[in-house]
Structure formats: C-alpha cells, structure tokens
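In the order they appear, the protein sequences are chains X and R.
Quick note on numbering: the first sequence equals residues 6 to 442 in the numbering used here.
Quick note on numbering: the second sequence equals residues 6 to 442 in the numbering used here.
Note that the Cβ used here is the ideal one computed from N, Cα and C, for glycine as well.
There are 2 protein chains.
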Amino acid sequence: MIEPRTLPGFMELLPSDQVLFNNIKDTIKRNYEKFGFLPLDTPVLESSEVLLAKAGGETEKQIYQFKKGDNDLCMRFDLTVPLAKYVAANYNELSFPFARYQIDKVYRGERPQKGRFREFYQCDIDVIGRGELSLAYDAEIPCIMYNIFKELNIGDFTIQISNRKLLLGIIEDLGLNDLSIELLRLIDKKSKIGDENFINTLRIDYKVDEQKLNVLLSFLNIKGSVNEQLSKLNKLGITNEKYVLGLKELTTVIGFIQKFGVNAEYYTIDLTIARGLDYYTGTVYETFIKGYENIGSVCSGGRYDNLAEYYTKEKLPGVGMSIGLTRLFYQLKENGLLKKQYMSNSKCIVLPMGEEYLENCIALGNTLRANNINTTTYLDNAKFKTKLQYAIRSKVKYAIFVGEDEVKGNYYTIKDLENEKQEQLTLDKLLEILTKD
Amino acid sequence: MIEPRTLPGFMELLPSDQVLFNNIKDTIKRNYEKFGFLPLDTPVLESSEVLLAKAGGETEKQIYQFKKGDNDLCMRFDLTVPLAKYVAANYNELSFPFARYQIDKVYRGERPQKGRFREFYQCDIDVIGRGELSLAYDAEIPCIMYNIFKELNIGDFTIQISNRKLLLGIIEDLGLNDLSIELLRLIDKKSKIGDENFINTLRIDYKVDEQKLNVLLSFLNIKGSVNEQLSKLNKLGITNEKYVLGLKELTTVIGFIQKFGVNAEYYTIDLTIARGLDYYTGTVYETFIKGYENIGSVCSGGRYDNLAEYYTKEKLPGVGMSIGLTRLFYQLKENGLLKKQYMSNSKCIVLPMGEEYLENCIALGNTLRANNINTTTYLDNAKFKTKLQYAIRSKVKYAIFVGEDEVKGNYYTIKDLENEKQEQLTLDKLLEILTKD
C-alpha cells in the first residue's frame with residue numbers, strides 16, 4: 006500500500022474550495038474575453054534551448070529541466086517566454102495589435118514555504134504591437150484588472166501606477182547612474198524597510214548628499230490626487246530627457262485611464278514601483294488590497310520595449326499584467342476574504358424518498374437541466390438521513406424531495422438549506438424559484 | 006537568435022482555432038456542471054512512487070519521469086490515477102457518491118505521429134461510491150455524454166454499450182478461459198480486421214470448434230433495437246453465473262438510460278467492446294461519430310470495482326467516461342467537421358476613423374461591455390484600411406466605425422462583416438442588435 010500524498014508546494018483543494026477557486030478563475034477569464042482578448046494555450050513542456058534563451062541565474066536554478074531520449078526539456082516557469090516564442094513563430098499569421106490572455110499553471114522548483122508554490126496559476130494579459138503600440142493600451146490593461154477586482158468583491162483595492170523612465174530619469178539627473186541598480190532595489194523595498202532605514206542607507210551606505218537626497222525624497226513622496234501628483238511632478242523642474250518623456254507618457258496613460266471609466270478611488274500614482282531591473286521600460290503597475298498590503302501586490306505588470314528579441318529581429322513592444330491566482334487564493338483564504346456563498350456548481354439536489362422514486366427524480370432532473378438549472382440527482386440507495394446529510398455537505402442551496410406524497414399529490418417538496426424553510430410547490434412554481442434565484 | 010519552435014507532438018493552435026477548441030472545452034465543462042459534478046484540479050507533477058503505484062510495461066516507458074534534488078517526479082499520464090490518490094487521501098472529507106470532473110492535460114512521451122500527441126487534454130467524469138454504487142450512475146454518465154455530443158453538433162453519433170461480464174461469462178461457459186486474454190484482444194479488433202479474418206483466426210490459430218464458434222458469433226452479432234438485443238441475449242439460454250449477472254446489469258442500465266431521456270437513435274448495444282484487459286469490470290462504453298468510425302472511439306469508459314486499491318483498503322467502485330479532446334479536435338479539423346461561425350470571443354470591434362475619436366471609441370466600448378457585450382476596441386494608430394483588415398481577420402461578426410459624421414450625427418455605423426451590410430444606428434438600436442444576436 007502506497008501513501009496517497011501530494012507533493013509539498015502543490016495546491017490541491019477540496020471540492021468546495023475548488024468551486025470557489027474556479028469562480029475566481031472564471032471571473033478573470035470572462036473579463037479578459039469581454040475586452041476581446043484571444044485565448045492562448047501553449048505547451049507546459051518546451052525545448053530547453055527555446056525556453057532558456059534568455060534565462061539565467063536564480064530563475065534557471067528553479068526550473069524543472071530534464072532529458073527524455075535525445076530531448077532536453079523544460080517545464081515553463083512563466084507565460085511570457087512562451088508568448089514571445091509564439092508571437093515570433095506565428096508572426097505572419099497574427100493580427101497586430103495582438104491581444105491575448107493565458108490562464109495556466111507554471112512551475113518553479115522553489116524551496117516550499119508558507120504561501121509559496123511550485124505549481125501555480127498565472128493569469129496573463131498582454132497586448133503586443135508591431136513596431137509601435139499606442140499608450141491607450143497601457144490604460145486598457147489596468148482598466149480590465151479594475152473590472153475584475155470590482156467583480157471579485159474581495160474588498161477595496163488600489164492599482165498603483167508609475168513609469169520607470171521617471172525614476173531612471175531622476176537618477177540620471179542627480180548624477181547617480183553608477184548606483185542605479187542599488188537605488189532601484191532600495192526604492193522597491195522602501196515601504197517594507199520604512200523611511201528611516203531608507204534614508205540612512207542612502208546617506209551612510211551610498212553616501213548620497215543632502216541636496217540630492219531631498220530631491221529624491223520629494224519626488225518619491227509626492228502625494229495628492231493623480232492630477233495633483235502629475236502637476237507636482239511637472240513643477241519639480243527636472244529637464245532630464247528620460248524624465249520628461251516618462252512624465253509625458255504617464256500623463257497620457259492617466260488621461261486614458263480616466264476615459265476608460267476607472268473610478269478615481271481605485272488607482273494612484275506610486276513612484277516607488279521599480280518592478281525588477283531590466284524588463285519593463287515604461288508604465289509599471291502593482292495592485293494592493295486595502296488593509297492587506299502585507300500580502301504584497303496581487304496583480305502586477307508593465308510596458309516593455311521588445312518582447313521577443315531572442316527569437317526574432319522584429320521589434321515587438323507590449324504591455325501586460327498578470328494575476329498570480331494560486332497565491333492570491335491562498336492569501337484570500339488565509340485572511341478570511343473568500344465569499345463562501347457559492348460552494349457548489351449545482352443549484353439543487355434531487356433526493357428520492359425510496360428506490361421506487363428514482364425514476365421520478367431522474368425525470369425531474371431532466372426537466373430542470375432542460376431549463377438550464379444545474380441539478381444533482383442522488384441516485385444511490387441509502388437511508389434518507391444519509392441523503393439529506395449529503396445535500397447539506399454539498400453546500401447546494403436547495404434540496405428537493407420526491408416520495409409517495411409528492412408523486413400522488415403532483416408536487417415537489419423543496420427545502421432551502423440555508424434557512425431550513427420547506428415548501429410544497431408545483432413544477433411551474435419550482436422552476437420559477439430555481440430560475441430566478 | 007534561437008528558432009522559436011514548439012516540440013513535435015505538442016498541439017499549439019492559432020487564436021481562431023484556439024477559440025473553437027475552447028468552445029468545445031467549455032461545452033463539455035458546462036454539461037458536466039449541469040449534472041452537478043464537482044471540479045478537481047490535481048497537480049501535473051506527482052511523486053513517482055505515488056503515480057506509478059500500479060503502472061508497468063508500456064505505460065511506464067512513455068512517462069515523463071525525472072529527478073529534481075532528492076525528489077523522483079512524474080508528469081501525470083492520465084487523470085484516473087490522480088483521482089484514485091485524491092479520493093484515498095481525502096476519504097473522510099468527501100461526500101459519497103463522489104461525482105467529479107477534471108478537464109486537464111496529461112503527458113505521454115509516445116513516438117509522435119499524425120494524430121498522436123505527447124500532451125493532450127482528457128475530459129474525465131467519474132462517480133465513486135463508498136463500498137457500493139447504484140447502476141443508475143452507469144446510465145447518467147452516457148446521458149451526460151449524449152447531451153454534450155448533441156450540443157457540439159458535429160454530426161450523428163452512437164454510444165455503444167456493453168457489459169464485460171457478458172463476454173467473460175460466455176468465454177467461461179464455452180470452456181475457453183485459457184484463451185480469454187487472446188480472445189478479448191481479438192474481439193476488440195473484430196471490426197478492424199473483418200469477419201473472415203476473425204473467424205479464421207479463431208478456427209486455425211486458436212482451434213475453436215465449430216459449435217463453440219457458432220455460439221460466440223451468434224452472441225457477438227446480435228442485432229436489432231436494444232430491447233430486441235436484450236431479448237435475444239436472454240434467449241441464448243446461457244446459464245453461466247457471470248453472464249446472467251452481466252445481462253441483468255446491462256438490462257438495468259439500458260432501462261435507466263431510457264429514463265434519462267437519451268434518444269434511442271443515439272445508443273446501441275455492441276457486445277464486441279472489450280476495452281482493455283483488466284480495469285473495467287461491468288458496463289463499458291465507446292462512442293463513434295457516424296460516417297467517421299475510422300477516427301476511433303471519441304469518448305470511452307466503463308465501470309470498475311475498485312478505484313484506489315493501491316492507496317487504501319476502502320472499496321471504491323466507480324463508473325466514468327472520458328473525452329480525448331486534443332485528438333478529437335485534431336480529427337474534427339482534419340475531417341472538416343468544425344463549425345467555423347464563432348472564431349472570436351468578441352461580438353464586435355470598435356474602430357476609430359482617426360486618433361481624435363479614440364475617446365468616443367473607448368466610451369462606446371465601456372457602454373457595450375456594461376451591457377455584457379464582448380467588445381474589442383482598436384486603440385492603435387493606423388490607416389483605416391489596416392484597421393478594417395484587422396477586424397476582418399479577427400473574424401468578429403460586426404465592425405463599428407466612429408468618425409466625424411458619427412460623432413456629429415450622434416449615431417454609429419455598424420458593418421456586418423459576414424454579409425457586408427452597413428447601417429447607421431442610434432446607441433439604443435445598436436445595443437438591441439448586439440444583445441439579441
């Protein structure tokens with residue numbers, strides 16, 4: 006006998022949690038499709054040569070890589086590299102701007118720990134342009150995420166937006182280019198380590214003088230409405246070319262976000278977003294759930310200049326965001342933020358009061374499903390108590406009983422399992438209740 | 006520069022085909038849920054010790070197995086072994102009968118050839134009982150498949166049903182038990198090799214005498230309606246215990262199938278179904294598309310006595326069927342059976358007649374989506390011809406133009422891209438058309 010265990014770092018849910026998980030996944034998918042994004046479904050396994058064209062260092066160590074016959078294979082570790090491969094390979098078949106989504110599992114052999122997974126869902130959207138891509142897409146992407154998090158109804162949230170050119174431009178302007186990697190790392194950690202630590206590190210470790218420190222701090226700490234923030238960024242009077250371009254881009258993107266109807270309470274400019282060191286080249290995003298900022302960003306992304314430089318000479322700029330669904334679900338559950346009302350795919354479960362009513366139950370199931378009502382029929386032979394227990398544990402809303410009285414009287418007994426209310430209804434009334442609810 | 010290639014045996018579709026593929030996948034999922042089946046999402050990677058508890062021979066050779074650190078890992082090669090592990094591991098948390106579906110990719114390192122895949126979707130449904138399981142479930146499962154293939158609308162189909170006890174019983178009754186493995190293999194191939202070859206092999210290779218041959222042939226060739234077939238199986242007068250039980254089970258299952266409302270034209274009894282040698286113990290199913298029987302069975306399964314004997318002492322009988330979606334899709338495409346009308350997730354694409362109308366396009370997109378109409382807005386700067394070409398290649402039904410005349414006149418120009426008909430409509434009329442269509 007082998008112990009039926011699941012590997013650590015691999016999420017495997019009980020059915021009621023799986024229903025909740027899938028509800029979130031379906032909400033994300035529905036919204037991606039509402040904006041006309043096309044589905045992709047690339048392989049989990051790729052040739053190592055292809056998948057590792059760019060990778061190196063920490064990422065490569067975590068990858069599940071192995072040989073089968075003569076093939077050196079990798080399990081994908083994100084959905085971006087497969088997208089780059091796909092766009093380069095199908096360049097002539099695709100229409101640009103190419104807007105795709107992919108909701109799929111990726112694999113990283115990290116040391117497993119609380120809230121870290123080796124197999125996890127990424128829910129990616131990206132728009133890829135041919136040569137150029139309008140900044141309007143930098144606004145459409147967070148607008149889609151806004152719609153998703155509104156619909157998920159897991160609390161208030163803030164989409165934080167910046168443009169990396171601003172940060173790079175001000176570093177350049179202050180003559181701190183030699184320190185840019187260290188500074189970006191430090192700024193990315195600013196909210197975690199606190200202002201005092203941040204300032205001390207700049208002063209002592211990096212020997213940044215007071216005047217430069219003040220410019221940097223007044224830049225990073227700009228507050229107010231987005232329009233006030235933009236105006237203050239303008240008034241800093243920085244003439245560095247990169248900075249000026251970044252501010253122009255950010256202003257354009259914010260303008261479009263307003264036109265996309267994103268409520269002003271749900272987004273802000275946060276100039277401390279650095280998001281990695283070399284991939285993003287313009288707009289960058291992070292998203293935080295209010296009151297649960299410690300969870301970290303639940304949806305991030307940005308604009309990049311060139312998606313697929315390792316596979317093609319074509320210039321392919323893009324912008325995208327991604328929800329780390331497995332980790333998000335884990336955190337929502339840990340923090341009691343999951344809405345528990347819908348834990349079954351079924352609206353009702355039909356229970357025969359004896360073997361002789363199985364036929365009537367099957368017939369009722371046929372009718373309900375023909376009316377688009379998801380219905381479980383309990384077909385096994387068991388005591389009534391066992392059947393009712395099954396219905397309650399299934400977390401469906403209604404149990405419907407069919408027995409001697411019901412068949413003779415040509416009605417159905419329906420029990421609302423939430424409030425325990427029980428009624429006797431004709432088929433028409435039953436359909437009415439189950440359809441509207 | 007690395008060539009952006011995809012591994013042979015891995016299906017990677019262009020977006021329009023992916024939309025068709027996903028439509029089929031969604032139809033399958035929707036029907037599984039309509040019958041109240043619960044979703045499972047088990048890991049792709051499992052410990053080799055767990056996944057290979059039962060495997061051996063041919064299967065094991067095909068498995069993607071590798072080491073990472075101290076772990077010996079396997080990629081799942083089906084969804085049944087993970088189900089067995091899951092049910093054994095979560096036995097006390099689950100309600101029985103446990104009805105689950107899983108639609109997911111599995112991996113087999115087969116030699117790649119036309120129509121054979123190394124990564125492919127299986128769409129499984131199974132009901133697992135605790136100790137016992139009603140034969141009514143042996144009828145519910147093919148009823149669900151009937152609903153799916155009706156809705157897929159890919160042509161007429163036949164669900165072939167048998168019970169393995171009949172075949173095993175008649176072999177036992179004829180005193181041919183020593184040959185049972187060879188006979189089952191041969192019977193399974195009967196329709197492929199033809200009657201003459203079949204009979205000659207029995208006569209010459211297996212030295213089956215004429216009287217026994219005649220009983221076997223009259224059994225295998227029973228024709229007529231299912232009720233006639235059942236009656237003829239009765240009249241064969243075979244008293245073997247296994248045969249009698251098999252006939253009783255088959256009669257019960259067929260009775261339930263009728264109650265489930267499956268149209269009599271869509272199922273039949275076929276006594277030649279053997280389906281492997283040791284797993285299935287009762288009801289067995291195969292499904293063929295009429296006129297395309299050469300594709301092979303597109304949906305198969307059966308009843309088994311014990312799901313998880315390698316992981317638990319609990320007896321867990323079950324019944325299930327599976328659609329091999331990747332192979333089915335490939336065959337539908339090869340045979341021109343795919344319905345091509347819906348090749349985009351979007352109902353319409355909104356095209357600005359110039360940069361200055363981007364804002365109006367975004368506003369219209371907001372409104373349409375608020376009315377649950379999937380809408381693409383074309384946000385890039387391009388010539389009008391390029392934009393229209395994009396709409397046509399996207400295979401959406403409608404293009405909507407917004408330019409100077411439209412904004413001044415407070416209307417929208419909508420073009421039906423199928424019939425090229427163009428109209429000028431107010432927002433109300435536009436919503437009416439896009440909502441009803």
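Contact between ASP46 (chain X) and LEU18 (chain R) holds: their C-beta atoms lie close to 7 Å from each other, under 8 Å.
Judged by DSSP in its simplified three-state form, ASP433 (chain X) adopts helix. In this structure, the beta-carbon distance from LEU189 (chain R) to LEU207 (chain R) does not fall below 8 Å.
Close to GLN23 (chain R), with beta-carbon spacing below 8 Å, are these residues of chain X in chain order: LEU43, PRO44, LEU45 and ASP46.
Residues of chain R whose Cβ lies closer than 7 Å to the Cβ of VAL49 (chain X) are, in chain order, VAL49, LYS110 and GLU124. Where GLY260 (chain R) is concerned, there is no enclosing beta strand (DSSP E), although the alpha helix (DSSP H) around it starts and stops at 246-264. The shortest CA-to-CA distance from LEU57 (chain R) to any of R:GLU8, R:ASP83, R:LEU43 and R:ASN36 is the one to R:ASP83. Of all residues in the segment 295-316 of chain R, only ALA313, TYR315 and TYR316 place a beta-carbon less than 8 Å from a beta-carbon of chain X. The C-alpha of THR256 (chain X) is placed about 35 Å away from the C-alpha of GLN429 (chain R).
Restricted to the segment 106-173 of chain X, the alpha helix (DSSP H) segments that are unbroken, complete and at least 4 residues in length are 141-157, listed in chain order. Beta bridge pairing from DSSP links GLU428 (chain R) with R:ILE419. Check the Cα spacing between LEU88 (chain R) and each of R:LYS73, R:ARG105 and R:CYS79: the tightest is with R:ARG105. Contact of TYR395 (chain X) with chain R is assigned, a C-beta pair being separated by under 8 Å. Here DSSP, grouped into helix, strand and coil, assigns PHE15 (chain R) to strand. Residue pairing by DSSP places PRO48 (chain X) opposite no residue, since no beta bridge is assigned to it. Counting along the chain, the unbroken beta strand (DSSP E) around PHE293 (chain R) starts and ends at 288-294.
Nearest to LEU250 (chain R) by alpha-carbon distance, out of R:ASP109, R:ARG35 and R:GLY174, is R:GLY174. MET16 (chain R) is classed as buried because its beta carbon has at least 16 other beta carbons within 10 Å across all chains shown. According to DSSP, residue pairing for MET348 (chain X) in a beta bridge does not occur. From the beta-carbon of LYS344 (chain R), no residue of chain X is found nearer than 7 Å; the closest lies around 17 Å away.
Counting the other Cβ atoms within 10 Å of the Cβ of ILE198 (chain X) gives fewer than 16, which makes it exposed. For ALA269 (chain X) and TYR403 (chain X), the gap between their C-alpha atoms comes out near 41 Å. Between the alpha carbons of LYS237 (chain R) and LYS228 (chain R) lies a gap of roughly 9 Å.
Contact note: ASN27 (chain R) reaches chain X through PRO44, using a C-beta cutoff of 7 Å and chain order.
Contact residues of the segment 131-144 of chain R toward chain X are GLY134, GLU137, LEU138, SER139, ALA141 and TYR142 (C-beta to C-beta distance below 8 Å). CA-CA distance, ILE149 (chain R) to THR380 (chain X), rounds to 12 Å. In this structure, R:VAL49 is the residue among R:VAL49, R:GLY266, R:GLY74 and R:LYS59 with its C-alpha nearest to the C-alpha of ASP109 (chain R).
Along the segment 385-418 of chain X, the alpha helix (DSSP H) occurs as fully enclosed runs of 4 or more residues at 389-399 and 409-414, listed in sequence order. For ASN182 (chain R), no alpha helix (DSSP H) encloses it, and the DSSP letter there is neither H nor E. LEU439 (chain R) has its alpha-carbon roughly 27 Å from the corresponding atom of SER139 (chain X).
At the C-beta level, SER327 (chain R) and TYR395 (chain X) stay beyond 8 Å of one another.
Between the beta-carbon of ILE354 (chain R) and that of SER399 (chain R) there is about 6 Å, and that keeps the pair under the 8 Å contact cut.
Of all alpha-carbon atoms in X:ASN415, X:ILE397 and X:TYR416, the one lying nearest the alpha-carbon of ASN424 (chain X) is that of X:ILE397. Contact of THR85 (chain X) with chain R by beta-carbon distance below 9 Å is absent, the smallest such distance being about 13 Å. Among the residues of the segment 378-395 of chain R, those with a Cβ less than 7 Å away from any Cβ of chain X are ASN379, THR380, THR381, LEU384, ASP385, ASN386 and TYR395, in the order of the chain.
For a Cβ distance threshold of 7 Å, residue set ASP385 of chain X lies close to PRO102 (chain R), ordered along the chain.
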